[in-house]
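J.:
Protein chains: 2
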Amino acid sequence: MPERMIAFHGEGFDHLARDAVYHAIATRRDVRSHFTPAPVDDDVLARLLQAAHHAPSVGYMQPWNFIVVRDMQRRQQVRNLFLAAREQELPAIEEERRALYRKLKLEGICESALNLCVTCDRQRSRNSPLGRWHNPEMDLYSTVCAVQNFWLAARAEGVGVGWVSIIDAGALKQLLSIPEHVTPVAYLCVGRVSQFAPKPDLETHGWGRRLPLSDLIMSETFSGAGETPLKSAIARLGDETGTQPKA
Amino acid sequence: MPERMIAFHGEGFDHLARDAVYHAIATRRDVRSHFTPAPVDDDVLARLLQAAHHAPSVGYMQPWNFIVVRDMQRRQQVRNLFLAAREQELPAIEEERRALYRKLKLEGICESALNLCVTCDRQRSRNSPLGRWHNPEMDLYSTVCAVQNFWLAARAEGVGVGWVSIIDAGALKQLLSIPEHVTPVAYLCVGRVSQFAPKPDLETHGWGRRLPLSDLIMSETFSGAGETPLKSAIARLGDETGTQPKA
Chain A
1 MPERMIAFHG
11 EGFDHLARDA
21 VYHAIATRRD
31 VRSHFTPAPV
41 DDDVLARLLQ
51 AAHHAPSVGY
61 MQPWNFIVVR
71 DMQRRQQVRN
81 LFLAAREQEL
91 PAIEEERRAL
101 YRKLKLEGIC
111 ESALNLCVTC
121 DRQRSRNSPL
131 GRWHNPEMDL
141 YSTVCAVQNF
151 WLAARAEGVG
161 VGWVSIIDAG
171 ALKQLLSIPE
181 HVTPVAYLCV
191 GRVSQFAPKP
201 DLETHGWGRR
211 LPLSDLIMSE
221 TFSGAGETPL
231 KSAIARLGDE
241 TGTQPKA
Chain B
248 MPERMIAFHG
258 EGFDHLARDA
268 VYHAIATRRD
278 VRSHFTPAPV
288 DDDVLARLLQ
298 AAHHAPSVGY
308 MQPWNFIVVR
318 DMQRRQQVRN
328 LFLAAREQEL
338 PAIEEERRAL
348 YRKLKLEGIC
358 ESALNLCVTC
368 DRQRSRNSPL
378 GRWHNPEMDL
388 YSTVCAVQNF
398 WLAARAEGVG
408 VGWVSIIDAG
418 ALKQLLSIPE
428 HVTPVAYLCV
438 GRVSQFAPKP
448 DLETHGWGRR
458 LPLSDLIMSE
468 TFSGAGETPL
478 KSAIARLGDE
488 TGTQPKA
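Residue numbers (my numbering), protein chains in the order written: chain A, 1 to 247; chain B, 248 to 494.
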């Protein structure tokens with residue numbers, strides 16, 4: 001990590017450094033429409049991958065691999081998988097929303113500079129699976145943490161990332177020669193962008209709205225009301241979600 | 248988000264802002280041993296939860312809820328679940344590593360300022376499950392992205408987070424009255440810390456070492472060699488992993 005270049009005050013983050021982290025989180029987007037043909041330098045990609053590699057992992061398992069896909073013919077094949085999967089998914093969508101669904105741009109596989117398949121090797125710690133006896137899916141979750149690290153670092157580098165989730169995982173495994181015991185967790189489109197949209201695409205196009213955060217907070221149990229001071233603090237923050245601050 | 252306080256240059260991050268993001272990623276720790284009794288202010292917790300709420304989610308589903316657990320008697324009960332689960336997991340660990348496993352501190356449930364259970368409502372978008380027809384686990388992955396946002400924001404606030412994965416999810420659901428269709432994804436210990444350890448605990452205690460990143464990079468397919476310039480760029484970065492830069 002480029003820590004050697006940083007002058008932080010001991011372990012702390014000053015306000016600007018802290019706000020930089022919040023800024024990356026708040027302005028990160030699932031990019032589909034705004035990729036440009038500009039390349040992503042290997043030096044930048046190396047930093048992004050190192051950020052991913054510094055994710056937490058259950059039992060320090062580090063179960064991830066990163067398949068860099070650049071070949072345009074292969075990407076076309078992946079895109080064909082997406083197109084087929086979209087047709088398969090369509091009947092599961094409410095009838096009155098299908099026209100909108102069809103209009104949504106949901107991938108940038110061929111327009112982005114490169115693709116990245118992030119996988120999880122389910123057997124990497126098979127001799128001593130610390131933390132997975134009860135919850136074997138923890139290695140998949142660790143891999144998702146790596147994806148989110150990559151995504152936020154990319155935002156800070158001005159690189160856009162889009163996660164293609166409409167795809168048949170079995171077909172993708174075959175196309176990328178992924179072995180049986182390895183699970184493809186995320187197929188990412190990665191590239192320079194013309195902009196980071198001010199809001200999520202699905203909000204802009206009317207698919208959904210950001211939920212009011214306070215409604216998602218429970219106290220002590222799932223049905224527990226309470227945490228009034230915390231909810232007041234949330235209201236004081238305001239947001240960019242369309243809901244108005246209440247305090 | 249506290250964007251209004253930030254003077255960024257348009258959409259870009261200057262070097263210091265970019266490096267702040269990398270610094271949060273590189274120095275984030277799974278905290279178990281270093282919690283202090285200091286409280287976490289509601290204003291801070293509100294920002295952390297808002298960061299979590301800004302995670303990407305499949306189909307803009309936002310499937311998460313956040314149960315704030317403060318009651319010490321309930322936390323003792325959760326800790327009892329951990330202790331029982333650890334005993335159950337022990338036989339799955341290689342015999343020669345069991346003594347080390349027993350010595351590892353793997354949770355800070357009662358020493359941290361508060362606990363947070365992050366859950367995933369599997370039915371939140373049941374009418375229009377965009378992006379989940381082929382991969383229904385995508386909502387769980389979205390919830391993990393929220394956890395990682397929370398974790399990185401916490402690092403920037405000087406707040407430690409530890410993820411307790413050694414626990415029986417069914418028993419935890421019962422204890423927190425979590426309904427059938429909701430999955431507890433992460434049980435987090437959250438609090439002020441005396442330090443962020445320079446390395447992951449499991450590395451310090453000899454459980455594992457960070458893998459060389461270059462070994463995890465594949466080109467085009469899972470068995471594909473290549474990406475030599477990218478691997479050279481990774482070598483130039485150096486790291487804090489014990490492996491030496493090769494260039």
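A virtual CB, placed ideally from N, CA and C, is assigned to each residue, including glycine.
Taking DSSP as the reference, what is the three-state secondary structure of Cys-392 of chain B?
T.: helix
J.: In three-state terms, what does DSSP make of Leu-16 of chain A?
T.: helix
J.: Give me the chain D residues within the contact set of Met-385 of chain B, using Cβ-Cβ distance strictly less than 9 Å, ordered along the chain.
T.: The question asks about chain D, but that chain is absent: this structure's protein chains are A and B.
J.: Applying the 10 Å Cβ sphere with the 16-neighbour rule, what's the burial state of Gln-244 of chain A?
T.: Any reading at Gln-244 of chain A must be qualified, since the residue scores a pLDDT of 38, below 50, and its modelled position is unreliable; the value itself is stated next. Label assigned to Gln-244 of chain A: exposed.
J.: Excluding the 5 residues flanking Val-291 of chain B on each side, which residues of the same chain have their C-beta closer than 6 Å to its C-beta?
T.: So the list reads Glu-404, once near-sequence residues are dropped.
J.: Secondary structure at Ser-479 of chain B, three-state DSSP: helix, strand or coil?
T.: helix
J.: Skipping 5 residues on each side, what residues in its chain have a beta carbon closer than 7 Å to that of Leu-203 of chain A?
T.: Reading off the sequence shown, one finds Glu at residue 203 of chain A, where the question assumed Leu. Correct list, in chain order: Arg-209, Arg-210.
J.: Just confirm the distance between the C-beta atoms of Val-325 of chain B and Asn-362 of chain B, as a whole number of angstroms; I'd bet it's less than 8 Å.
T.: 7 Å
J.: Excluding the 5 residues preceding and the 5 following Ala-273 of chain B in the sequence, name in chain order all residues of the same chain whose CB lies nearer than 7 Å to its CB.
T.: Here the set comprises nothing.
J.: Taking Cβ to Cβ, would you say Asp-289 of chain B is nearer than 8 Å to Ala-233 of chain A?
T.: yes
J.: Once DSSP output is grouped into helix, strand and coil, what is the label at Ala-171 of chain A?
T.: helix
J.: Is DSSP giving Met-218 of chain A helix, strand or coil here?
T.: strand
J.: Is it the case that the Cβ atoms of Trp-207 of chain A and Leu-140 of chain A are separated by a distance below 8 Å?
T.: no
J.: For the alpha helix (DSSP H) that contains Asn-382 of chain B, what are its first and last residues?
T.: No residue range can be given for Asn-382 of chain B, since it is assigned to no alpha helix (DSSP H) and is classified by DSSP as neither H nor E.
J.: Does DSSP put Pro-431 of chain B in a helix, a strand or coil?
T.: strand
J.: Under the rule that 16 or more other beta-carbon atoms within 10 Å means buried, what is Cys-436 of chain B, buried or exposed?
T.: Here Cys-436 of chain B is buried, its C-beta having at least 16 other C-beta atoms within 10 Å.
J.: Roughly how many angstroms lie between the CA atoms of Gly-471 of chain B and Met-465 of chain B, to the nearest whole one?
T.: 5 Å
J.: Quick one: using the 10 Å Cβ neighbour count with 16 as the cut-off for buried, is Leu-337 of chain B buried or exposed?
T.: exposed
J.: Whose Cβ in chain B lies nearer than 8 Å to the Cβ of Arg-102 of chain A?
T.: Result: empty, since nearest Cβ-Cβ is about 12 Å, beyond 8 Å.
J.: Taking Cβ positions only, does Ser-128 of chain A come closer than 8 Å to chain B?
T.: Look at Ser-128 of chain A: its C-beta is under 8 Å from a C-beta on chain B.
J.: On a Cα-Cα basis, can you pick out the residue from A:Ala-17, A:Val-21, A:Leu-16 that is closest to Phe-397 of chain B?
T.: A:Val-21
J.: Of all Cβ atoms in chain A, is any one closer than 8 Å to the Cβ of Leu-435 of chain B?
T.: Contact with chain A is absent for Leu-435 of chain B, since none of that chain's Cβ atoms lies less than 8 Å from the residue's Cβ.
J.: Compile a chain-ordered list of the residues in the segment 273-293 of chain B whose CB is closer than 9 Å to at least one CB of chain A.
T.: Ala-273, Thr-274, Arg-275, Arg-276, Asp-277, Asp-288, Asp-289, Asp-290, Val-291, Leu-292, Ala-293
J.: How many Å lie between Phe-196 of chain A and Trp-133 of chain A at the Cα?
T.: 41 Å
J.: Check whether the Cβ atoms of Ser-165 of chain A and Val-408 of chain B sit closer than 8 Å, and answer yes or no.
T.: no
J.: Just mark Cys-110 of chain A as buried or exposed, buried being the case when its beta carbon has 16 or more other beta carbons within 10 Å.
T.: exposed
J.: Please classify His-53 of chain A: is it buried, with 16 or more other beta-carbons within 10 angstroms of its beta-carbon, or exposed?
T.: buried
J.: With 16 as the cutoff for other CB atoms within 10 Å, does His-270 of chain B come out buried or exposed?
T.: Flag for His-270 of chain B reads buried.
J.: Which residues in the same chain as Ala-494 of chain B place their Cβ atom closer than 7 Å to its Cβ, once the five residues preceding and following it in sequence are excluded?
T.: Residue placement at Ala-494 of chain B is poorly supported in this model, since its pLDDT is 32, which falls under 50; the coordinates still yield a value, given next. Ser-479, Ala-482, Arg-483, listed in sequence order.
J.: Tell me which residue opens and which closes the beta strand (DSSP E) that Val-204 of chain A is part of.
T.: Reading the sequence as shown, one finds Thr at residue 204 of chain A and not Val. Careful: Thr-204 of chain A lies outside any beta strand (DSSP E), inside the alpha helix (DSSP H) at 201-204.
J.: Excluding the 5 residues preceding and the 5 following Gln-320 of chain B in the sequence, name in chain order all residues of the same chain whose CB lies nearer than 7 Å to its CB.
T.: Closer than 7 Å at Cβ, skipping near neighbours: no residue.
J.: Taking only three categories from DSSP, how would you classify Asp-289 of chain B?
T.: helix
J.: Got a sec: does the ligand COA put a non-hydrogen atom nearer than 7 Å to the Cβ of Leu-211 of chain A?
T.: You won't find the ligand COA in this model; it holds no ligand whatsoever.
J.: Considering only the alpha carbon of each residue, which of B:Trp-410, B:Gln-323, B:Arg-344, B:Glu-334 lies closest to Cys-364 of chain B?
T.: B:Trp-410
J.: Does any CB atom of chain B fall closer than 8 Å to the CB of Val-78 of chain A?
T.: Chain B contact via Cβ: absent.
J.: Which same chain residues end up closer than 8 Å to Met-252 of chain B when comparing Cβ atoms and leaving out the 5 residues on each side of it in sequence?
T.: Note that Met-252 of chain B has pLDDT 38, beneath the 50 cutoff, so the model's placement of it is unreliable and the number below is only indicative. Hits under 8 Å: none found.
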